[in-house]
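S.K.: Mind looking over this structure? Questions follow.
Numbering (the numbering used here), first residue to last: 23 to 402.
This is the structure:
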């Protein structure tokens, strides 16, 4: 094991919400060891059912919540107050007070259900994916990552094994990211309601309010839940894929020079990705352990190590590039900053970027297979 615990590197002080969510997940998943075999077909089907079922329940919650809130406003405005025509702001105040009180209760119940729905979906996914959640620092790391995914918490804002994931961001950008992440649901809902009031400003259209708010709330719930379940699937399947890679590295060790290049490459990828993904923390911990690295902190020297990569022997250069592909797809689809980083790697080695291989490895990973396995079925 690396010099420091990986779960402490990722989240030194988990919040009370993370600890509560972790206990909830552990009740559904009692696994203590990483599986040795790829996920079987019935397990993959179960993961897909959990995925679509969780999204469907979120959609239903949005329809019910939006329908109740929109219908209540229409009924109070048209049925009880005759359209509020000629009423002063003071006379309207009791109406608005009552409306927002009831709408707040409905929204609170919806949010509570959505959290429960997400936690249950993440728990089922972790169990079917074989993610260990008990009795080891690596299992605690996986548990923390899944808990934060279910709660829609952002990644921690601190160094991971000496690597600053946000080194390329200024302080104001970090603050803006943090604020927008926390306010995205509230701000979007507020803007959505302002938009509805502008569009439905005419009395003739206000009767459509229950029919429009429900589907819009449902669509927003579906987007959020879809993102949560994708993150959960990545993090739950990460330990198996990483341990399979580590097993191959133990059977065919890299030279000390190639090991150093591999560590700096993963560190540079984390900085390029601008995020402390739990799978990357897990991978770094296992690489430090496997390479018997004397220090647990990595001072990334990317320009120098990128040059060293191009000077490795062909076989070792190829293996480091494959490790880079795997590390890239462990954190999501290969696009944006991750794709640009990977393209620069292959360009530095005077090699063509392997589009098909990257896509195939992403499919294999998301279907619970080791990287480079013979088959890869479709994913949701």
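Backbone N, C-alpha and C define an ideal beta-carbon position, used for all residues, glycine too.
For clarity, every value in this text was computed on a predicted model and none was experimentally measured.
Measuring straight from C-alpha to C-alpha, what distance separates residue 248 and residue 77?
M.R.: The residue given as residue 248 occupies position 226 in the chain shown. The residue given as residue 77 occupies position 55 in the chain shown. Approximately 6 Å, taken between the alpha carbons.
S.K.: Do you know how far the Cα of residue 333 is from the Cα of residue 303?
M.R.: As a first step, residue 303 must be located in the chain shown, where it is residue number 281. As a first step, residue 333 must be located in the chain shown, where it is residue number 311. For residue 303 and residue 333, the distance between alpha carbons rounds to 27 Å.
S.K.: Give me whichever residues DSSP pairs with residue 185 in a beta bridge.
M.R.: Locating residue 185 in the chain shown gives position 163, counting from the first residue. 182, per the DSSP bridge assignment.
S.K.: With a cut-off of 8 Å on the beta carbons, I'd call residue 161 and residue 144 a contact; round off their distance for me.
M.R.: On the chain shown, residue 161 is found 139 positions in, with the first residue counted as 1. On the chain shown, residue 144 is found 122 positions in, with the first residue counted as 1. No, residue 161 and residue 144 are not in contact; Cβ-Cβ is about 15 Å, not under 8 Å.
S.K.: How long is the line joining the alpha carbons of residue 283 and residue 372, rounded to whole angstroms?
M.R.: The residue you call residue 283 lines up with position 261 of the chain shown. The residue you call residue 372 lines up with position 350 of the chain shown. Looking at the two C-alpha atoms, the distance is approximately 17 Å.
S.K.: Below 8 Å on the Cβ atoms is my contact criterion, and I expect residue 322 with residue 185 to pass it. Report the Cβ-Cβ distance as a whole number of Å.
M.R.: Within the chain shown, numbered from 1, the residue matching residue 322 stands at position 300. Within the chain shown, numbered from 1, the residue matching residue 185 stands at position 163. 6 Å between Cβ atoms; contact.
S.K.: What do you reckon, are the CB atoms on residue 239 and residue 88 nearer than 7 Å?
M.R.: Along the chain shown, read from residue 1 onward, the residue named residue 239 stands at position 217. Along the chain shown, read from residue 1 onward, the residue named residue 88 stands at position 66. Closer than 7 Å, so yes.
S.K.: Could you tell me whether the region 48-62 touches the region 335-353, using the rule of 3 or more Cβ pairs below 8 Å?
M.R.: no
S.K.: Please specify which runs of the alpha helix (DSSP H), each continuous and at least 4 residues long, are wholly inside the region 149-182, giving them in chain order.
M.R.: 159-172
S.K.: Under the criterion of a Cβ to heavy atom distance below 6 Å, does residue 276 qualify as lining the ligand FAD?
M.R.: No copy of the ligand FAD occurs in the structure displayed, which carries no ligand at all.
S.K.: Would residue 26 and residue 315 be called neighbours here (beta carbons separated by less than 7 Å)?
M.R.: Numbered from 1 along the chain shown, position 4 holds the residue referred to as residue 26. Numbered from 1 along the chain shown, position 293 holds the residue referred to as residue 315. No. Outside cutoff.
S.K.: Out of 138, 125, 153, 69, state which residue places its alpha-carbon closest to the alpha-carbon of residue 264.
M.R.: For the purposes of this step, residue 264 is taken as the residue at position 242 of the chain shown. The shortest C-alpha separation from residue 264 is found at 153.
S.K.: If you follow the alpha helix (DSSP H) that residue 310 is in, where does it begin and where does it stop?
M.R.: To locate residue 310, count along the chain shown from 1; it is residue 288. Counting along the chain, the alpha helix (DSSP H) containing residue 310 begins and ends at 300-312.
S.K.: Assign residue 180 to one of two classes, buried (16 or more other C-beta atoms within 10 Å of its C-beta) or exposed (fewer than that).
M.R.: Numbered from its first residue, the chain shown carries residue 180 at position 158. Exposed.
S.K.: Would you mind reading off the limits of the alpha helix (DSSP H) that contains residue 294?
M.R.: Here residue 294 refers to the residue found at position 272 of the chain shown. From DSSP, the alpha helix (DSSP H) with residue 294 extends over 278-295.
S.K.: Just to confirm before moving on: does the CB-CB distance between residue 404 and residue 141 stay below 7 Å?
M.R.: What the structure shows of the chain is the stretch from 23 to 402, and residue 404 is not part of that stretch, so it cannot be assessed.
S.K.: Can you tell which of 35, 376, 380 has the C-alpha that lies nearest to the C-alpha of residue 170?
M.R.: Mapped onto the chain shown, residue 170 falls at position 148. Nearest C-alpha to residue 170 among 35, 376, 380: 35.
S.K.: So within the region 299-380, which uninterrupted alpha helix (DSSP H) runs reach at least 4 residues, ignoring any that extend past its ends?
M.R.: 300-312, 324-332, 336-351, 358-370
S.K.: Does residue 291 pass the burial test, meaning 16 or more other C-beta atoms within 10 Å, or should it be called exposed?
M.R.: Sequence index remark: in the chain shown, residue 291 carries index 269 (1-based). Under this definition residue 291 is a buried residue.
S.K.: If you draw a straight line from the alpha carbon of residue 94 to that of residue 148, how long is it in whole angstroms?
M.R.: Locating residue 94 in the chain shown gives position 72, where the first residue counts as 1. Locating residue 148 in the chain shown gives position 126, where the first residue counts as 1. Looking at the two C-alpha atoms, the distance is approximately 39 Å.
S.K.: With a Cβ-Cβ cutoff of 7 Å, do residue 281 and residue 313 count as a contact?
M.R.: Translated into positions along the chain shown, residue 281 becomes position 259. Translated into positions along the chain shown, residue 313 becomes position 291. Contact: yes.
S.K.: Thinking just about the alpha-carbon of each residue, which of 351, 132, 38 is nearest to the one in residue 257?
M.R.: The residue given as residue 257 occupies position 235 in the chain shown. Of 351, 132, 38, the residue nearest in Cα terms is 351.
S.K.: Taking the C-alpha atoms as reference points, what is the distance between residue 404 and residue 327?
M.R.: The structure shown does not extend to residue 404, since the chain spans only 23 to 402, so no value can be given for it.
S.K.: Starting from residue 43, follow the alpha helix (DSSP H) in both directions and report where the run begins and ends.
M.R.: Here residue 43 corresponds to residue number 21 of the chain shown, with the count starting at 1. Start and end: 38-50.
S.K.: Of all the options 243, 348, 359, 336, which has the alpha carbon lying nearest to the alpha carbon of residue 79?
M.R.: Indexing the chain shown from 1 puts residue 79 at position 57. It is 243.
S.K.: Taking 7 Å as the cut-off, decide whether the C-beta atoms of residue 259 and residue 68 are in contact.
M.R.: As a working mapping, residue 259 is identified with position 237 in the chain shown. As a working mapping, residue 68 is identified with position 46 in the chain shown. In this structure, residue 68 does not lie closer than 7 Å to residue 259 by Cβ.
S.K.: Tell me whether residue 31 is buried or exposed, calling it buried when 16 or more other Cβ atoms sit within 10 Å of its Cβ.
M.R.: Here residue 31 refers to the residue found at position 9 of the chain shown. Counting Cβ neighbours within 10 Å, residue 31 comes out buried, since at least 16 surround it.
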